[in-house]
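Only one structure is covered here, and it is reproduced in the block below.
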Amino acid sequence: MLSEESLAKVISKAVSGGVNMVQIREKDLSHDALMKLVGDIVNSVHDRALIAVNTDQPDHVFEGVDIIHRAERSLGLPTPDIVGIGRSVHSEQAAIQAEKRGADYLIAGSVFETGSHPGEKGRGIGFFQTVVECVNTPVIAIGGINASRTRQIMAAGAAGIAVVSAILRAPDPEQAAAKLALSMNPNKIN
Numbered sequence: 001m002l003s004e005e006s007l008a009k010v011i012s013k014a015v016s017g018g019v020n021m022v023q024i025r026e027k028d029l030s031h032d033a034l035m036k037l038v039g040d041i042v043n044s045v046h047d048r049a050l051i052a053v054n055t056d057q058p059d060h061v062f063e064g065v066d067i068i069h070r071a072e073r074s075l076g077l078p079t080p081d082i083v084g085i086g087r088s089v090h091s092e093q094a095a096i097q098a099e100k101r102g103a104d105y106l107i108a109g110s111v112f113e114t115g116s117h118p119g120e121k122g123r124g125i126g127f128f129q130t131v132v133e134c135v136n137t138p139v140i141a142i143g144g145i146n147a148s149r150t151r152q153i154m155a156a157g158a159a160g161i162a163v164v165s166a167i168l169r170a171p172d173p174e175q176a177a178a179k180l181a182l183s184m185n186p187n188k189i190n
């Protein structure tokens with residue numbers, strides 16, 4: 001979508017707009033390229049947001065990263081001693097298992113149809129609410145999320161939202177992030 005340099009700039013603007021956690025999900029990069037990208041993003045964010053890296057490599061250690069995020073299929077992998085561990089889940093059973101294994105948060109989806117998974121239908125608000133209700137771990141919604149859908153997601157019990165195109169494809173990433181943040185908490189006065 002973007003070059004590594006422009007991606008770090010867009011992320012910095014999004015954080016200025018209210019993003020409080022950045023998840024780096026670049027599964028196709030080499031180890032060295034991923035390390036460079038993580039370093040660039042860590043440097044651009046400067047402790048203004050948590051940094052999570054989505055990796056299934058048990059030996060990857062990233063300087064400045066707060067959270068390692070694992071895919072649902074990698075439930076048994078060891079986790080480095082860092083601030084937190086997140087898990088992607090796509091079912092109620094996976095959410096329960098991830099919670100039992102100590103996940104600090106869950107990302108559940110895709111709630112709505114999304115360009116990240118072409119041809120895959122969204123699982124819907126009912127799916128998301130079921131996941132939220134079956135665990136005590138905070139659950140973040142992902143998949144087709146935009147500002148117009150945020151109230152519905154939050155009403156279903158979301159601890160937060162995760163977005164890609166709503167910010168990366170926006171003409172003004174900072175403004176898009178601010179709009180999303182406000183849509184999550186419409187009573188907040190800036």
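Under the UniProt record's numbering, the first residue of the sequence shown carries the number 1, and numbering increases by one thereafter. Positions of the beta carbon are idealized from the N, C-alpha and C atoms, including for glycine. A quick note: this is a predicted structure, and the numbers were derived from the prediction, not measured.
For Glu-26, which option in Ile-11, Leu-34 and Asn-20 has the closest C-alpha, if you only look at C-alpha atoms?
Leu-34
If you follow the beta strand (DSSP E) that Gln-23 is in, where does it begin and where does it stop?
Segment 21–24, the beta strand (DSSP E) holding Gln-23.
Going by DSSP, which residues form a beta bridge with residue 217?
The shown model of the chain, from 1 to 190, leaves out residue 217, and the question about it has no answer.
Take Lys-121 as the anchor and find which of Ile-85, Val-22 and Gly-109 has the nearest alpha-carbon.
The shortest C-alpha to C-alpha distance from Lys-121 to any of Ile-85, Val-22 and Gly-109 is the one to Gly-109.
Using DSSP bridges, identify the partner residues of Asn-54.
The partner list for Asn-54 (beta bridge, DSSP) reads His-69.
Segments assigned beta strand (DSSP E), at least 3 residues, entirely inside the segment 103–158
105–109 and 139–142
Assign Gly-160 to one of three DSSP states: helix, strand, or coil.
strand
Which of helix, strand or coil DSSP assigns to Val-61:
coil
Taking the C-alpha atoms as reference points, what is the distance between Glu-133 and Gly-157?
8 Å
Are Ala-147 and Lys-179 closer than 8 Å when you measure CB to CB?
yes
Can you check which of these residues, Asn-43, Gln-57, Phe-62 and Val-61, is closest to Arg-73 by C-alpha distance?
Gln-57
Using a 10 Å radius around the Cβ and a threshold of 16 neighbouring Cβ atoms, would you call Gly-86 buried or exposed?
Residue environment: Gly-86 is assigned as buried (16 or more neighbouring CB atoms within 10 Å of its CB, all protein chains considered).
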